[in-house]
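**Q** One structure is given below, represented as structure tokens, and several questions about it will come after.
Residue numbers (our numbering): 1 to 116.
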């Protein structure tokens, strides 16, 4: 597991993604999940964004195809190190496959315990 850091590309990417009818906050999270890098730049983006924000999940499901098209159109204009960027899947924590959570102890123990 790596902690993603914002990169200079994040703000531009968030603006372009936001045009696809996402909220400003959702666009920023998805930009980080798509273009964020590890401190040593060995990781680009995330496979999953875990959230309890059901409206974000629903909106993502509706907007994913247009956002994918925008990313494909952006790709040739990106620096080579960002051209492999892929959109993350947006899910509730309990819907992320356990094999994807290796290295995160206890995250999948009891989904009901996530609720506040």
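Even for Gly, the Cβ is constructed at its ideal location relative to N, Cα and C. Computed from a predicted model, the values in this text were never measured in an experiment.
Evaluate residue 87 with the Cβ neighbour count: other Cβ atoms within 10 Å of its Cβ, from every protein chain shown; 16 or more gives buried, anything less gives exposed.
**A** buried
**Q** Whose C-alpha, out of 92, 73 and 7, is nearest the C-alpha of residue 16?
**A** 73
**Q** Counting only runs of 3+ residues fully inside the stretch 1 to 48, write out the beta strand (DSSP E) ranges in chain order.
**A** none
**Q** Residue 63 by DSSP, collapsed to three states: which one?
**A** helix
**Q** Which parts of the stretch 71 to 105 are runs of the alpha helix (DSSP H), unbroken and 4 residues or longer, counting only runs that do not cross its ends?
**A** Listed in chain order, the alpha helix (DSSP H) elements of length 4 or more contained wholly in the stretch 71 to 105 amount to none.
**Q** Less than 6 Å between C-beta atoms, sequence neighbours within five positions excluded: which residues of the same chain meet that for residue 57?
**A** 90
**Q** Which whole-angstrom value describes the C-beta separation of residue 35 and residue 7, a residue pair presumed to lie in contact below a C-beta threshold of 8 Å?
**A** 6 Å
**Q** Among the candidates 38, 65 and 63, whose CA atom is the shortest distance from the CA of residue 4?
**A** 38
**Q** Residues in its own chain within less than 7 Å of residue 31 by CB, not counting five upstream and five downstream?
**A** 10, 13, 14 and 17
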